[in-house]
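K.L.:
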Amino acid sequence: MFSLLKKRMASSIERFGKRVKEREISEKDIDEFISDIQIDLLSVDISLEVVEFLRQRLKGMLVGMSVKRSELKRIIAKAIENVMLEILNAGSYEIKSYGKGTCVLFLGFNGTGKTTTLAKIGKLLMEKGYSVVFAAGDTFRAASIEQLAIHSKKLGVKLIKHSYGADPAAVIFDAIKHAKTKGIDFVLADTAGRSHSNKNLMEELKKIVRVNNPEIKLLILDSLSGIDAIEQAKMFNDTVGIDAMIFTKADVNEKGGIIISVCHEIKKPIAFLCTGQSYDDIKRFEAKEFVRHILPFQD
Ligand SMILES: Nc1nc2c(ncn2[C@@H]2O[C@H](COP(=O)(O)OP(=O)(O)O)[C@@H](O)[C@H]2O)c(=O)[nH]1
Ligand SMILES: [Mg+2]
Numbered sequence: 003m004f005s006l007l008k009k010r011m012a013s014s015i016e017r018f019g020k021r022v023k024e025r026e027i028s029e030k031d032i033d034e035f036i037s038d039i040q041i042d043l044l045s046v047d048i049s050l051e052v053v054e055f056l057r058q059r060l061k062g063m064l065v066g067m068s069v070k071r072s073e074l075k076r077i078i079a080k081a082i083e084n085v086m087l088e089i090l091n092a093g094s095y096e097i098k099s100y101g102k103g104t105c106v107l108f109l110g111f112n113g114t115g116k117t118t119t120l121a122k123i124g125k126l127l128m129e130k131g132y133s134v135v136f137a138a139g140d141t142f143r144a145a146s147i148e149q150l151a152i153h154s155k156k157l158g159v160k161l162i163k164h165s166y167g168a169d170p171a172a173v174i175f176d177a178i179k180h181a182k183t184k185g186i187d188f189v190l191a192d193t194a195g196r197s198h199s200n201k202n203l204m205e206e207l208k209k210i211v212r213v214n215n216p217e218i219k220l221l222i223l224d225s226l227s228g229i230d231a232i233e234q235a236k237m238f239n240d241t242v243g244i245d246a247m248i249f250t251k252a253d254v255n256e257k258g259g260i261i262i263s264v265c266h267e268i269k270k271p272i273a274f275l276c277t278g279q280s281y282d283d284i285k286r287f288e289a290k291e292f293v294r295h296i297l298p299f300q301d
């Protein structure tokens, strides 16, 4: 998982250590370092905007600094770590209860892992002692209701569903009503995958939010979708405002830079990383651990 940058950046940092000629780090040293590393950053889905931000921050932190040759590598690695942590500063995110019937909406493009992640979070919440109900709010894609029904059976969770073609706002409304009546803590609401080209589906999403006023809106992003995820995040955030993001398929992604690019763009916290297809393949996102995992030379 996410090991590509570590390998590629290591040699650029080695070269930086050899290249700095004077005792003081100059602007030119940083520019040369950025040119050296830019392709590697872009190749792991770190956006140009992040590359420029890194250049400016490294200059601000390091230009004029007198450093022993033996220290150079450690100092630049540490500075890069600090910039990455600054970008991920929105921090981690915990799903909190806002009282009975707290509604958590799962949003995203087709196939990003909304339904699978919803089931994983259902299990996590139940392990914490909460009760949950699922709402089959994807009434659009064939077999989506059955897919959620399988999870609901396996996990022993009640499923509120209507038929295909039904209004998802109404399905979720019924689920919230059910939860409030029965004293159930969380409604986990699935939704259909949608993109900006589906104008009707985007209008439908606004209606879901207007009618149900969900306390928590989670955007599910496929980490394999590369820099497309930046546009997806912007679109959902502009349309309904999201609370936090979840990146899936980290288990089959060697890049990981997309997480930094998206955070730089929309400045929202990351709740979880998903690392496989089983219920337990989900872990809380920890910025420091993530940054140390993707960068070389961290102590
Ligand atoms: N390897 C891997 N596959 C995942 C992960 N999350 C979801 N998937 C798979 O991605 C596919 C689409 O998932 P689904 O939940 O149906 O996506 P949805 O269309 O957004 O609801 C399924 O085959 C899932 O098993 C993950 O973290 N890792
Ligand atoms: Mg689905």
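Residue numbers (this note's numbering): 3 to 301.
Built from N, CA and C at the ideal position, the CB exists for glycine as well.
For S45, count neighbouring C-beta atoms within 10 Å of its own C-beta (all shown protein chains included) and say buried if the count is 16 or more, exposed if not.
P.N.:
exposed
K.L.:
Smallest Cα separation from V106: which of I15, L56 and F175?
P.N.:
A check of alpha carbon separations from V106 across I15, L56 and F175 identifies F175 as the nearest.
K.L.:
What residues in its chain sit with their C-beta under 6 Å from that of K285, if we drop five residues either side in the sequence?
P.N.:
L275
K.L.:
Hey, quick one: how far does the alpha helix (DSSP H) through A311 stretch, first residue to last?
P.N.:
As shown, the chain starts at 3 and ends at 301. That puts residue 311 outside it, with no answer to give.
K.L.:
Excluding sequence positions up to five away, which residues of its chain have a Cβ less than 7 Å from the Cβ of A79?
P.N.:
I15, L297, P298, F299 and Q300
K.L.:
For a quick check, are the C-beta atoms of T250 and T119 less than 8 Å apart?
P.N.:
In contact: T250 and T119 (Cβ atoms closer than 8 Å).
K.L.:
I need the boundaries of the alpha helix (DSSP H) containing F55, first residue and last residue.
P.N.:
Annotation: the continuous alpha helix (DSSP H) that includes F55 extends over L50 to L64.
K.L.:
Quick check: the Cα distance between I178 and T104, rounded to an integer number of angstroms?
P.N.:
8 Å
K.L.:
Among S99, H198 and I261, whose alpha-carbon lies nearest the alpha-carbon of M128?
P.N.:
S99
K.L.:
I'd like the list of long-range same chain contacts for L6, defined as Cβ closer than 8 Å, with 5 residues on each side in sequence excluded.
P.N.:
In its chain, beyond the 5 residues on either side, S45, V46, E256, K257 and G258 have a beta carbon closer than 8 Å to the beta carbon of L6.
K.L.:
How is the alpha helix (DSSP H) around K20 delimited, first residue to last?
P.N.:
L6 to R21
K.L.:
Once you ignore the five residues that flank L56 on each side, which residues in its own chain have a CB closer than 6 Å to its CB?
P.N.:
V85
K.L.:
With a threshold of 16 other CB atoms inside 10 Å of the CB of S146, please say whether the residue is buried or exposed.
P.N.:
buried
K.L.:
Can you have a look at E291 and say buried or exposed, based on whether 16 or more other CB atoms are within 10 angstroms of its CB?
P.N.:
exposed
K.L.:
Please check the pair T183 and L150, which I expect to be a contact at CB under 8 Å, by giving their CB distance rounded to whole angstroms.
P.N.:
Cβ atoms of T183 and L150 stay farther apart than 8 Å, at about 21 Å.
K.L.:
Beta carbon of L207, beta carbon of I123: below 8 Å?
P.N.:
no
K.L.:
Taking 7 Å as the cut-off, does the CB of S146 come closer than this to any heavy atom belonging to ligand 2?
P.N.:
yes
K.L.:
Taking 8 Å as the cut-off, does the region 194 to 213 touch the region 126 to 142 (at least 3 CB pairs, one atom from each stretch)?
P.N.:
yes
K.L.:
What is the residue span of the beta strand (DSSP E) that D224 lies within?
P.N.:
I218 to D224
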